[in-house]
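Peer 1: I have a structure I would like to understand better, so I am pasting it below and will then ask my questions one at a time.
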Amino acid sequence: MLTLHKRTFHTIKQPTFDSFSVLTPGRTYIIVLSGALLWCAMILLAPVLAMLGGLPGLMGDVLYRIFHSICHQLDDRSFHVLGKPLGVCIRCVSIYVGFLSGTIVYPVVWRPAHRIVFKRAVLLWSLIPMLLDVALDTVGIHDSTIFTRIITGTMFGVVVPFFLIPVAEEAMKDFPIYSLPFLRYGSKKGSLHA
């Protein structure tokens, strides 16, 4: 309580946001799942938007440029939608769809009471077939096929969430959710974050 010029003002404490102050494992999981869904949707949207022309076509071209920075986008090594290649090649699509699939099954397999602790070797072993497929194709010993690209990419992609999500949960456990700019309640005088 403050007293100024014979007036009494009551100070108001800011709420503590105990239940919303940190990114809990469930919230972290939703963020990872949403990101994986958005990423896979953008891969599919690139050719669809490019076919529409105009402003959507420009947005499709932007998506292709973004994906070009992470993928070779060879036409003969890509799935096609509406006559245009997806935003990334078959192997990359398999990795990302595998990641999304692994993320979806993560809560079923990775229950807090029955957590299976994967060793890093599992991640390495899931990566080796893909590396061998690429290396043997590059030196001409083995031709990489659609089948080998799908299988090796998916094997790796499905395993990654079981390493990434626990790391993200640990990293975010003390992260104050209300410090995110898009979650602030406003900046007007008298608001929670004035």
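According to our numbering, the sequence shown is numbered sequentially starting from 903. Where is the CB? At the ideal position from N, CA and C, for every residue including glycine.
1) Can you name, in chain order, every residue of its own chain whose Cβ lies under 7 Å from the Cβ of Ser980, other than the five neighbours on each side?
2) Which of helix, strand or coil does DSSP assign to His982?
3) Ala938 to Phe1001, Cα distance in whole Å?
4) Out of curiosity, what's the CA-to-CA distance linking Ser923 and Gly985?
5) Work out the CA separation of Gly1059 and Ile1053 for me, nearest whole Å.
6) Would you decide whether Ala1037 is buried or exposed? Buried here means 16 or more other CB atoms lie within 10 Å of its CB.
7) How big is the Cα-Cα spacing for Thr926 and Thr1056?
8) Can you give me the C-alpha to C-alpha distance between Val1007 and Ile932, rounded to a whole angstrom?
9) Considering only their Cβ atoms, is the gap separating Gly962 from Ala948 smaller than 7 Å?
10) Spatial neighbours of Met1097 within its chain, please: C-beta separation below 7 Å, excluding the five flanking residues on both sides.
11) Given Asp1039, which residues of its chain have a CB within under 7 Å of its CB, disregarding the five upstream and five downstream residues?
Peer 2: Let me spell this out:
1) To locate residue 980, count along the sequence shown from 1; it is residue 78. Only Pro987, Leu988, Cys991, Ile992 meet the Cβ criterion.
2) Residue numbering aside, residue 982 sits at position 80 when the sequence shown is read from its first letter. In the structure shown, His982 sits in a strand (DSSP, three-state: E or B).
3) If you number the sequence shown from 1, residue 938 lands on position 36. If you number the sequence shown from 1, residue 1001 lands on position 99. Looking at the two C-alpha atoms, the distance is approximately 7 Å.
4) Your numbering for residue 923 matches position 21 in the sequence shown. Your numbering for residue 985 matches position 83 in the sequence shown. Only weak support exists for where Ser923 lies, its pLDDT of 49 falling under 50; the coordinates are left without a value.
5) Reading the sequence shown from its first residue, position 151 is the one you call residue 1053. Reading the sequence shown from its first residue, position 157 is the one you call residue 1059. Those two C-alpha atoms are separated by around 10 Å.
6) The residue given as residue 1037 occupies position 135 in the sequence shown. Per the 10 Å Cβ criterion, exposed.
7) On the sequence shown, position 24 is the one that residue 926 refers to. On the sequence shown, position 154 is the one that residue 1056 refers to. Their backbone Cα atoms lie some 28 Å apart in a straight line.
8) Numbered from its first residue, the sequence shown carries residue 1007 at position 105. Numbered from its first residue, the sequence shown carries residue 932 at position 30. Straight-line Cα distance between these residues: approximately 13 Å.
9) Taking the first residue of the sequence shown as position 1, residue 948 is located at position 46. Taking the first residue of the sequence shown as position 1, residue 962 is located at position 60. Ala948 places its beta carbon less than 7 Å from that of Gly962.
10) The requested residue 1097 is not part of the displayed model; the chain covers only 903 to 1096.
11) Your numbering for residue 1039 matches position 137 in the sequence shown. Excluding five sequence positions before and after Asp1039, the CB atoms of its chain that fall closer than 7 Å to its own CB belong to Asp1045, Ser1046, given in chain order.
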